[in-house]
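Chains as they are written, first to last, in our numbering: chain R, 136 to 708; chain Y, 16 to 104.
We put the beta carbon where it would ideally sit given N, CA and C, even for glycine.
Dropping the structure here:
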């Protein structure tokens, strides 16, 4: 990890943030949630707390913008630069900016939250089927009012669950009209507009009046992106028009013709040749959560890391089950220290009531019209506190004949004499105060009963309450290319196999040295197990290799005799 | 015999991203993210500086440090990324 020159950091732990401007790509609630989760990434491993402000100046001011957006570092259109942030300090320092020429999602395609309908604001389910046809975007099929809708389950015909996709015909965001819907046509500077426009603005955002005359009423709002809107180009927010004509040829789908960069685009009118209106077609988009977590790292004082798997690596890559890399943890704890004390008691669920009043004509044909629906949103159980909800543990090992499951500063215990499920969570910092929150691997030396813990390139040895370390794993004879030890297997008394990547080494525990003849390739010795297992341990005479929520069990003859779920078989959830 | 398709590239109105050669892209990238001394240099000195900057960039990105504008380096430069410079920010 790297910090900025002079170790720039906040001089207080109660950091504030304010969201100044939203993207049209995602519902406001999804954006709020993505930012809150991104801050939690850092507050989980430090004493920092993050409080959202709704007015005034916050430490971290967050906004979306395009190209020249008010600082000396303009964005560059779609792809390329995604976002930037400034290190801690006064004024613009600490602020985070996101390029709104990108398509912001949760990383796996359109994240479309529905409005009205009968699905209580659930997310669209893509693809969904409607009258035998499969849809991967919102559609107006089955309706006569041109409102786009989607099913919120895989099969509309079976479940009849639907909602309306974002549209200026339903609501606007920002502006000064309190979210009112657009009124078409509206008059602006004496001219009539039948759709959202970027006229009169230099920032490229689409807006509309929420009364029939902006010139007299001055009421306006920004238009949300449609479920199948294009991004970038010169038709942001409009939909592809199929078929369209380009250089005299008809196109029924997005194409990369005419471009040197291979990006898919479409015309938003029936003829590009005549109208020159175009935009980029939707793709998976970029995860706002992941990019925000990275940028907030900068806003807290971390510079770019050269470790590819670290969050602070400068390039974007999508990961499904995100967890903070030890390098990031080390970096942020270097600046702010480790999290201390228990988490505050979570507040009681706050019932929120939303009325969805709909008109029978608002329902896609072939369904019955629900009237009014009330939703109660409850705060979900914090998955970091419930072992049964964790899909990937930092490490699993046996200590004192009990299975121990480690994750983000906590651990759970499972006795082999009980079917009651996991006990815990217990704080790692209470039992083993010298250890960091994330443990990559651990084992108990059967001869001395000493406990060995590995985190990144460091290890600790606990003997009762006394501790040695941290020491660098190179001291054991592991090469400096090993970034972490991912598993440990006892091989007789005094010998332990240490796994990292696709190789393993044999450690002579007494001599504290790696034996000659190592590393060896894991798949050459342990055939049939995944070569990217992240937890390796021995339990009741079997070897276990875990990847995500699954384990591969191997007997003493090195045959895989079972593949199962960690959750059900080991945790007894 | 099938004739190879001849691609026609057009300039799209409002497109910020312009078609650039690989060396233009690299120069732009190395400057923008702090790998190149932006002071004007000339001739041989400039080549040395570019190779050094490329090596620094390749090291940061975990690529083989060839100091040359090879394919993995160009591909890395085209990938989406954070706008904060890697060096000397």
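- Only 382 from the stretch 378-390 of chain R bring a Cβ to less than 8 Å from some Cβ of chain Y.
- If only complete runs of 3 or more residues are kept, the stretch 628-684 of chain R shows the beta strand (DSSP E) at 630-635, 638-643, 670-674 and 677-682, in order along the chain.
- With respect to residue 569/R, residue 533/R sits apart: the two C-beta atoms are not nearer than 8 Å.
- The contact set of residue 75/Y on chain R, defined by CB atoms closer than 8 Å, consists of 439, 441 and 449 in chain order.
- For residue 260/R, no chain Y residue has a C-beta closer than 8 Å to its own C-beta; the minimum C-beta separation is roughly 27 Å.
- Going by DSSP, residue 624/R is part of the beta strand (DSSP E) stretching over 622-625.
- In this structure, residue 626/R keeps its C-beta atom at 8 Å or more from the C-beta atom of residue 639/R.
- According to the DSSP assignment, residue 549/R belongs to the beta strand (DSSP E) that extends over 545-550.
- The residue among 556/R, 657/R, 675/R and 352/R with its C-alpha nearest the C-alpha of residue 311/R is 352/R.
- Per DSSP, the beta-bridge partners of residue 348/R are 322/R.
- Fully contained in the stretch 374-425 of chain R are the following beta strand (DSSP E) runs of length 3 or more, in chain order: 379-381, 384-386, 400-402 and 413-415.
- Rounded to whole angstroms, residue 89/Y and residue 581/R show a C-alpha spacing of 51 Å.
- By the 16-neighbour rule on beta-carbons within 10 angstroms, residue 345/R is buried.
- Taking a beta-carbon distance threshold of 8 Å, residue 547/R does not count as an interface residue toward chain Y.
- In the DSSP secondary-structure assignment, residue 200/R is bridged to 234/R.
- By a beta-carbon distance limit of 8 Å, residue 678/R does not contact residue 633/R. Their separation comes to about 14 Å.
- Taken in chain order, the complete beta strand (DSSP E) segments of 3 or more residues contained in the stretch 274-329 of chain R are 284-286, 297-299, 321-323 and 326-328.
- Residue 98/Y and residue 181/R have their C-alpha atoms some 25 Å from each other.
- For residue 28/Y, the neighbours in chain R by C-beta distance under 7 Å run, in chain order, 369 and 411.
- Of all alpha-carbon atoms in 308/R, 282/R and 273/R, the one lying nearest the alpha-carbon of residue 291/R is that of 273/R.
- Any Cβ of chain R closer than 8 Å to the Cβ of residue 98/Y would place that residue at the interface, and such an atom is present.
- Of all residues in the stretch 189-217 of chain R, those with a C-beta nearer than 8 Å to a C-beta of chain Y are 202, 208, 210, 211, 212, 213, 214, 215, 216 and 217, reading in chain order.
- Per DSSP, residue 178/R is not a residue of any beta strand (DSSP E); the alpha helix (DSSP H) it occupies stretches across 163-178.
- One Cα belongs to residue 261/R, the other to residue 244/R, and the distance between them is close to 9 Å.
- Residue burial is scored here from C-beta neighbours: residue 572/R has at least 16 other C-beta atoms within 10 angstroms and is therefore classed as buried.
- Within chain R, 439 and 449 have C-beta atoms less than 7 Å from the C-beta of residue 101/Y, given in sequence order.
- Residue 87/Y does not reach chain R, its nearest Cβ partner there being about 13 Å away, counting only Cβ pairs nearer than 9 Å.
- Closest in alpha carbon position to residue 147/R, among 188/R, 155/R and 194/R, is 194/R.
- Straight through space, the alpha carbons of residue 422/R and residue 73/Y are spaced by roughly 26 Å.
- The alpha-carbon of residue 367/R is positioned some 47 Å away from that of residue 614/R.
- Note on geometry: alpha-carbon atoms of residue 286/R and residue 43/Y lie some 45 Å from one another.
- Here residue 92/Y is buried. Its C-beta has 16 or more other C-beta atoms within 10 Å.
- Using a Cβ distance threshold of 8 Å, residue 358/R and residue 372/R count as a contacting pair.
- The beta carbons of residue 415/R and residue 365/R sit about 6 Å from each other, so the pair counts as a contact at 8 Å.
- When rounded, the separation of the alpha-carbon atoms in residue 542/R and residue 169/R is 22 Å.
- The contact set of residue 421/R on chain Y, defined by CB atoms closer than 9 Å, consists of 95 in chain order.
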